[in-house]
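Before any comments, here is the structure.
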Amino acid sequence: MQIYNTLSRRMEEFAPLEAGRVRFYTCGPTVYDYAHIGNYRAYVFEDVLRRTLKHFGWAVTQVMNLTDVDDKTIRGAKAAGVPLSEYTRRYKHAFFADLKTLNVEPAEHYPEATAHVPEMIALVSALLERGYAYRSDDGSVYFRIAAFPEYGKLAHLDREGLRPGARVAQDEYEKDNAADFALWKAWSPEDGDVAWDAPWGRGRPGWHVECSAMSMKYLGESFDLHTGGVDNIFPHHEDEIAQSEAATGKPFVKYWMHCAHLIVEGQKMSKSLGNFHTLRDVLERGYSGREIRYVLLAAHYRQPLNFTFAALDAARAALGRLDEFRQRVEGAAGPAPGVLPEWAAACRARFDGALRQDLNMPEALAALFDMVRAGHRAMDAAGGACPGAEALRELLGCLDGVLGLGAGARADADAEVEGLLARRRAARERKDWAEADRVRARLAAAGWEVRDTADGQKVTRRG
RNA sequence: GGCGCGAUGGCCGAGCGGUUAGGCAGAGGUCUGCAAAACCUCGUACACCGGUUCAACUCCGGUUCGCGCCUCCA
37 MQIYNTLSRR MEEFAPLEAG RVRFYTCGPT VYDYAHIGNY RAYVFEDVLR RTLKHFGWAV
97 TQVMNLTDVD DKTIRGAKAA GVPLSEYTRR YKHAFFADLK TLNVEPAEHY PEATAHVPEM
157 IALVSALLER GYAYRSDDGS VYFRIAAFPE YGKLAHLDRE GLRPGARVAQ DEYEKDNAAD
217 FALWKAWSPE DGDVAWDAPW GRGRPGWHVE CSAMSMKYLG ESFDLHTGGV DNIFPHHEDE
277 IAQSEAATGK PFVKYWMHCA HLIVEGQKMS KSLGNFHTLR DVLERGYSGR EIRYVLLAAH
337 YRQPLNFTFA ALDAARAALG RLDEFRQRVE GAAGPAPGVL PEWAAACRAR FDGALRQDLN
397 MPEALAALFD MVRAGHRAMD AAGGACPGAE ALRELLGCLD GVLGLGAGAR ADADAEVEGL
457 LARRRAARER KDWAEADRVR ARLAAAGWEV RDTADGQKVT RRG
């Protein structure tokens, strides 16, 4: 498959270092708060990527880190008056619950920063030994970018472009060069009891070194794929490359993929605009994880995505259409395996082709919807019969292995609903349309939609 | 200032040098007791100005507007 590699800024044919297996690292959350839908766009993108790799037959080893020590987590724990680990545990659990809501497949490893400090210390030691890092008077350790000529190759920044910006913290006067970044931060009183002992002093690891140490531990010194949001390109991923390649002398990552941000109702998501949404917020408005997932994956990952509630409504309708088709196929499926109809085979080819083209999900979905139309038409023409329904059902499952949209909630009618349905059936048999419509209205009020089909009444849960 | 991205029909959102993207919403129709679902038909879409070309939404140049990154935000 073709993917767009941020490193080369062009499309490349994807070929993992080891045949048949993809080693893949994903920057995970900093667990200091609930993640927002922008974060989940990245995680859903990575999930679709992971599922696509598996769909094309590669075995996948994916690692997603959990940053559970940094300025924000320390500050949060302090404000809450609880130990750091207790504070972050809550958000770790929330994060995994959210992934489940969005039907994101679990990665193979979720290493926590606080559990890998020895590995980070080893990496920093190697960088010190090789002359790529230096200690400051206060016991911090910095990476010397002047020692790594390729610094800037991912972000395509030259050193001239790295002038000190307004955001450089004032307390970083210890650095030789303003663009040098911290590998190790010396303990300061605000850190409280959050500290580890290193040969050069007490403190805590810098953020970038965490990803280098943990990715290389689980995936090796060189691996295939590293992903994240575009905002991670610089400095985070640039710094990871510098640290890792300086320490090992080997290429760090072969392909880098970054997803664009999302905006909300046409505007940048921000708390002051009141359009900052966590996943929980959106669920509370009555939308399902499945609907949110649909919206997040329906745009190409390298394009900014405009997240709107109108789009969620459209997603609900689109998913309803998919569910309708699936149910019709399942209803038509018999025991004979059958042969996949031609229109379905065409869809499969087009769907796969779209994925191979740098994960073109809009095109893949277009293929799916075209198949839905062709399928209904074929079944209508055949009086409801569907030759090859078994094979078709299997295909739908296969495509959903990539999409992860699953089946709609199949709520079972309870006794009361069954009773109403029986009443309506009787009314219809004696052509008492007024009574039939009254019962339908009652069911609708209870959230059930009735449809009269050739096979009798069918109810579906609405809302 | 540096690097980069975008502008598509009411909304979302692909794409390609010439042939229907797709979804949602809307209009008409078929079917149905009525609905619903499904199917059929319907929108003279590609920011603006030039240029290249037999042909440009698609390539090139410029303009306007918007956006991202330039030290720890997916």
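This note's numbering runs 36 ahead of the 1-based position in the first sequence. Virtual Cβ for every residue (Gly too), placed ideally from N, Cα, C.
query, result
"Taking the straight line between their C-alpha atoms, what separation do you get for Leu102 and Arg126?", "13 Å"
"For Asp194, is the classification buried or exposed, using 16 other Cβ atoms within 10 angstroms of its Cβ as the cut-off for buried?", "exposed"
"When the Cα atoms are used, what is the spatial distance from His566 to Lys290?", "Since the displayed the chain opens at 37 and closes at 499, residue 566 lies outside it and no answer follows."
"For Glu281, which residues from the same chain have a beta carbon less than 6 Å from its beta carbon, with the 5 sequence-adjacent residues on both sides left out?", "Phe288"
"Are the beta-carbon atoms belonging to Ala390 and Ala382 less than 8 Å from one another?", "no"
"Kindly provide the ranges of any alpha helix (DSSP H) runs that are 4 or more residues long and lie completely inside the region 253-312, ordered along the chain.", "274-284"
"What span of residues does the beta strand (DSSP E) with Gln98 cover, start to end?", "95-100"
"Give me, in chain order, the residues of the same chain whose beta-carbon lies closer than 7 Å to that of Ile181; leave out the 5 immediate sequence neighbours on both sides.", "Tyr187, Asn213, Ala215, Asp216, Ala278"
"Just reading off the beta strand (DSSP E) that Arg171 is part of, what are its end residues?", "169-171"
"What do you get for Leu309, buried or exposed, if any count of 16 or more other CB atoms within 10 angstroms of its CB means buried?", "exposed"
"Along the chain, where does the beta strand (DSSP E) that runs through Trp484 open and close?", "484-489"
"Taking the Cβ atom as the reference point for each residue, do Arg478 and Leu456 lie within a distance shorter than 8 Å?", "yes"
"With distances taken Cα to Cα, identify the nearest neighbour of Thr137 among Asn396, Leu53, Arg316, Val58.", "Arg316"
"Is DSSP giving Ala418 helix, strand or coil here?", "coil"
"Output the distance between the C-alpha atoms of Pro147 and Asn311, rounded to the nearest integer angstrom.", "32 Å"
"Can you say whether Gln303 is buried or exposed, counting buried as having 16 or more other CB atoms within 10 angstroms of its CB?", "exposed"
"Going by DSSP, name the residue or residues bridged to Arg238.", "Asp233"
"Touch check for the region 68-83 and the region 331-343: three-plus C-beta pairs under 8 Å?", "yes"
"What do you reckon, are the CB atoms on His34 and Val266 nearer than 8 Å?", "Outside the modelled stretch of the chain, which goes from 37 to 499, sits residue 34, for which no answer is possible."
"Using a Cβ-based criterion (distance less than 7 Å to any ligand heavy atom), does Asn101 qualify as near the ligand PLP?", "With respect to small molecules bound, the structure shown includes none, and the ligand PLP cannot be examined in it."
"If contacts are defined as beta-carbon pairs under 8 Å, then Met100 and Val245 qualify, I think. What distance do you get, rounded to the angstrom?", "About 17 Å separates the two Cβ atoms, so there is no contact after all."
"Just to confirm the assignment, what range does the alpha helix (DSSP H) spanning Asn342 have?", "Segment 341-343 is the beta strand (DSSP E) holding Asn342; no alpha helix (DSSP H) there."
"What does DSSP give as the partner residues of Trp220 in its beta bridges?", "Val177, Pro241"
"Taking DSSP's pairing of strands, which residues face Tyr61 in a bridge?", "Val99, His262"
"Which residue or residues does DSSP assign as beta-bridge partners of Glu54?", "Arg57"
"Does the pairing of the region 357-371 with the region 406-415 give three or more beta-carbon distances under 8 Å?", "yes"
"Taking just the CA atoms, how far does Ala218 sit from Arg203?", "Confidence at Arg203 is low in this model, with a pLDDT of 42, below 50, so its placement is unreliable and the value that follows should be read with caution. If you take the alpha carbons of Arg203 and Ala218, they lie about 15 Å apart."
"Looking at C-beta atoms only, is the number of pairs between the region 60-79 and the region 223-231 that lie closer than 8 Å three or more?", "no"
"Which class does Glu49 belong to by DSSP, given the choice of helix, strand or coil?", "strand"
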